[in-house]
Amino acid sequence: MIYKESNDIKKLIEESKNIIILQADNPDADSLASALALEEILFTMGKNTFLVCGVNMPQYLHYLSGWDRVSNELPKDFDLSILVDCSAESLLESLARKNILKLIRTKPFIVLDHHITEATIKDADVICNKDVVATGELIYELSRDLKWALDIQSSEFLVNSIMSDSLGLTSEGTTHRSIEIISELVKNGVNIAKLESQRRETMKKSKRILEYKSKLIQRIEYSDDNRIATITIPWKEIEDYSSEYNPSILVMDEMRLVEGVQVVIAFKVYKDNKVTGKIRCNYGYSIADKLAECFDGGGHKYASGFKIYNVSNFEKFKNQVIAEASKLLDNIKHENI
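Residue numbers (the working numbering): 69 to 405.
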């Protein structure tokens with residue numbers, strides 16, 4: 069066995085007929101593709117599966133066939149819940165608000181994640197949180213452990229998951245095993261070029277979104293001798309554009325490509341004084357996880373995030389985040405001398 073939790077996971081699944089597969093409030097390609105892969109695997113085992121997320125799937129994930137099966141509601145009868153790509157209680161706010169999280173905890177509960185920061189969900193029956201590049205990689209290894217059958221559809225979803233979170237097998241978290249798994253899945257019949265073509269087709273933007281992107285680019289701010297780039301997205305824009313495209317995702321890659329920029333931060337400011345931050349770092353400046361942890365968040369060294377409530381003075385808070393980022397970058401610099 070690769071994972072010590074494998075037998076416990078096997079037992080809970082074998083004892084269950086109706087299984088919920090959950091995603092957090094910030095679904096991305098890894099979480100959705102992992103959920104869809106697990107749905108397919110469990111379906112071939114004769115299980116009834118239900119995909120649940122507290123929020124609607126964003127438009128940019130619609131290239132993953134099956135996104136429209138994800139519901140905001142809990143089925144009446146279920147025996148087991150499996151949460152993918154998340155082990156943080158703070159990212160289940162929508163489920164908690166609808167009392168779904170409370171109901172889930174009345175039945176067996178499994179967490180499958182790859183964020184190596186400490187899990188804040190403590191009461192799951194099994195927490196399988198491994199230092200791998202994507203949740204899809206973890207599910208693939210579980211399938212090897214437990215001899216789960218992988219058909220072409222589940223294999224394609226696992227490739228989508230791994231390629232997404234590894235940035236096309238280029239992120240620091242990518243290992244030789246990540247590449248081996250992709251090779252094994254391609255050997256099983258997955259056509260990566262076809263998957264990329266499908267992704268690109270649905271990534272096309274409307275004229276309205278492209279015009280909005282140009283406005284965001286003009287609003288990018290630079291701090292600390294241009295080492296830190298930030299963008300702030302107010303509630304009105306979150307409300308107006310998020311159903312079509314995640315405003316943060318629209319510009320973060322461009323921000324990272326500016327000369328001298330080492331870290332980019334996208335702030336979203338909500339109407340209830342909640343602020344979220346998405347952090348991305350260029351190679352060699354791996355401070356994202358440490359920066360997020362300063363504000364009760366977490367994630368990877370190069371990609372992370374946080375969520376803060378009751379921010380009465382956003383500008384003051386933003387400057388605090390920038391100051392912490394600057395300190396962390398200085399420490400990186402000193403370490404490399």
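The beta carbon of each residue, even a glycine, is placed where N, CA and C say it ideally should be.
Using DSSP bridges, identify the partner residues of residue i.
i      : result
GLU289 : THR298
ALA334 : ILE299 and LYS346
ILE90  : The question names Ile, but residue 90 is Leu in the sequence shown. Paired residues: VAL120 and LEU151.
ILE189 : BP columns for ILE189 are empty, so no partner.
PHE177 : SER149
Exposed or buried, which one is residue i when buried takes at least 16 other CB atoms within 10 Å?
i      : result
ASN399 : exposed
ASP233 : buried
LEU106 : buried
VAL319 : buried
LEU278 : exposed
ASP98  : buried
THR238 : exposed
ILE347 : buried
ALA360 : buried
ASP181 : buried
VAL326 : exposed
GLU73  : buried
PRO143 : exposed
ARG295 : buried
Since residue i is in the beta strand (DSSP E), which residue starts that stretch and which ends it?
i      : result
SER372 : 371-376
SER149 : 148-152
CYS196 : 194-197
With respect to the alpha helix (DSSP H) encompassing residue i, which residues constitute its N-terminal and C-terminal limits?
i      : result
ASP321 : 315-324
ASP213 : 203-214
ASN228 : 220-233
ARG245 : 244-255
THR112 : 97-112
LEU163 : 161-165
ILE172 : 168-172
ASN75  : 74-82
LYS115 : Looking at the DSSP string, LYS115 is not in any alpha helix (DSSP H), and its letter there is neither H nor E.
ALA360 : 356-361
Taking 8 Å as the cut-off, does the CB of residue i come closer than this to any heavy atom belonging to the ligand PLP?
i      : result
ILE260 : As far as ligands go, the structure on display features none, and thus does not contain the ligand PLP.
For this session: Determine contact between the stretch 356-363 and the stretch 208-222, defined as no fewer than three beta-carbon pairs at a distance below 8 Å.
Result: no
For this session: Would you check if the stretch 89-101 and the stretch 207-216 touch, i.e. whether three or more CB-CB distances between them fall below 8 Å?
Result: no
Exercise. Hey, is the stretch 167-184 in contact with the stretch 139-151, meaning 3+ C-beta pairs nearer than 8 Å?
Worked result: yes
Exercise. Quick one: any contact between the stretch 125-132 and the stretch 164-174, if contact means 3 or more CB pairs under 8 Å?
Worked result: no
Exercise. Is the number of C-beta pairs between the stretch 362-370 and the stretch 261-274 that are closer than 8 Å three or more?
Worked result: no
Exercise. Does the stretch 299-316 touch the stretch 274-290, meaning 3 or more C-beta pairs lie closer than 8 Å?
Worked result: yes
For this session: Specify whether the stretch 240-256 and the stretch 153-161 touch according to this definition: at least 3 beta carbon pairs, one from each stretch, less than 8 Å apart.
Result: no
Exercise. Does the stretch 367-380 touch the stretch 329-349, meaning 3 or more C-beta pairs lie closer than 8 Å?
Worked result: yes
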